[in-house]
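Residue numbers (this note's numbering), protein chains in the order written: chain A, 7 to 113; chain B, 7 to 113.
In this text, a Cβ means the ideal position worked out from N, Cα and C, and glycines have one as well.
The structure appears right after this line, and notes come after that.
2 protein chains.
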Amino acid sequence: MSDPFSYKNKKVISIGVMKELTGLSERQIRYYEERKLIFPERSAGGSRKFSFSDVELLMDIANKIEDGVQTYEIRQEMIRKQKEQNEQVVRQKMIQGQINAQFGIRK
Amino acid sequence: MSDPFSYKNKKVISIGVMKELTGLSERQIRYYEERKLIFPERSAGGSRKFSFSDVELLMDIANKIEDGVQTYEIRQEMIRKQKEQNEQVVRQKMIQGQINAQFGIRK
DNA sequence: AAACCATGTCAGATTTTCTGACTCATTAGT
DNA sequence: ACTAATGAGTCAGAAAATCTGACATGGTTT
Chain A
7 MSDPFSYKNK KVISIGVMKE LTGLSERQIR YYEERKLIFP ERSAGGSRKF SFSDVELLMD
67 IANKIEDGVQ TYEIRQEMIR KQKEQNEQVV RQKMIQGQIN AQFGIRK
Chain B
7 MSDPFSYKNK KVISIGVMKE LTGLSERQIR YYEERKLIFP ERSAGGSRKF SFSDVELLMD
67 IANKIEDGVQ TYEIRQEMIR KQKEQNEQVV RQKMIQGQIN AQFGIRK
């Protein structure tokens with residue numbers, strides 16, 4: 007519904023390209039996946055596929071690591087933000103539900 | 007200057023992904039390159055890298071081919087459009103030049 | 001000191017991509 | 001009508017890219 011089709015989120019980038027775009031080593035990229043900071047898709051044969059938003063995310067992660075933040079803390083922070091965002095969505099949906107009920111709209 | 011950095015034009019997509027996104031065969035994609043309809047970049051090792059605008063372009067090409075248009079004609083059409091566009095840019099630059107001269111602006 | 005962290009590196013296997021060639025049915029040009 | 005060109009499938013062998021798992025290491029925590 008919002009942003010239904012976006013280049014930014016299509017998983018099309020291989021690890022080699024990722025490495026060039028971010029300046030990170032393949033080892034680092036794989037490690038951050040292992041630590042559940044990024045979630046590439048996989049091709050049928052098992053190759054990782056990233057999106058442009060993964061590129062951005064990975065650069066943020068790299069900055070934090072440089073600042074001495076550990077992957078574990080980065081992960082906690084991500085989970086926190088994710089949760090807040092979910093709640094926001096739920097709130098929004100409830101409001102929309104009220105509106106629909108009030109005006110007797112059927113989908 | 008206009009559109010300085012865009013995901014849409016970054017050459018990051020391998021031929022395998024391209025094939026999935028367009029539904030074309032690798033053979034077709036390589037053939038259209040041979041006929042100078044698309045211009046992938048190459049990795050250091052020689053692998054083709056496409057952009058999302060290449061994806062769009064390739065889908066347009068595929069449609070025309072289906073309509074019986076030959077690659078040669080498609081190419082001529084591309085060149086024509088390209089030329090028009092160049093002229094447009096030149097005109098715009100000349101106008102800007104006039105303005106700058108009139109107001110005595112130095113870069 | 002022991003454990004963990006983030007990363008480098010190496011080996012061997014697998015996947016992906018490359019080029020070049022041969023083929024072939026269908027047009028297009030002469 | 002004949003010949004040439006087109007668009008595309010397929011195959012082979014080589015080369016490039018990626019994968020996992022393991023071992024190594026210097027820093028940090030505990």
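Here the segment 76-85 of chain A makes no contact with the segment 43-50 of chain B; the two share fewer than three CB pairs at distances below 8 Å. Beta-bridge analysis with DSSP links I19/A to F56/A and I19/B. Excluding its 5 nearest sequence neighbours in each direction, T28/B has C-beta neighbours in its own chain below 8 Å: I35, V61, L64, M65 and A68, listed in chain order. Straight through space, the alpha carbons of V18/B and A107/B are spaced by roughly 42 Å. Here L30/B has L64 and A68 as same chain residues with Cβ atoms under 7 Å from its own Cβ, once five neighbours each way along the sequence are excluded. Counting other Cβ atoms within 10 Å of its Cβ, S12/B stays below 16 and is therefore classed as exposed. In the structure shown, the three-state DSSP call for R41/B is coil. Under DSSP, R48/B forms a beta bridge with R54/B. Excluding the 5 residues flanking it on each side, K16/B has same chain C-beta neighbours closer than 7 Å at S57, in chain order.
Within chain B, no residue has its CB atom less than 7 Å from the CB of I44/A, the nearest being about 16 Å off.
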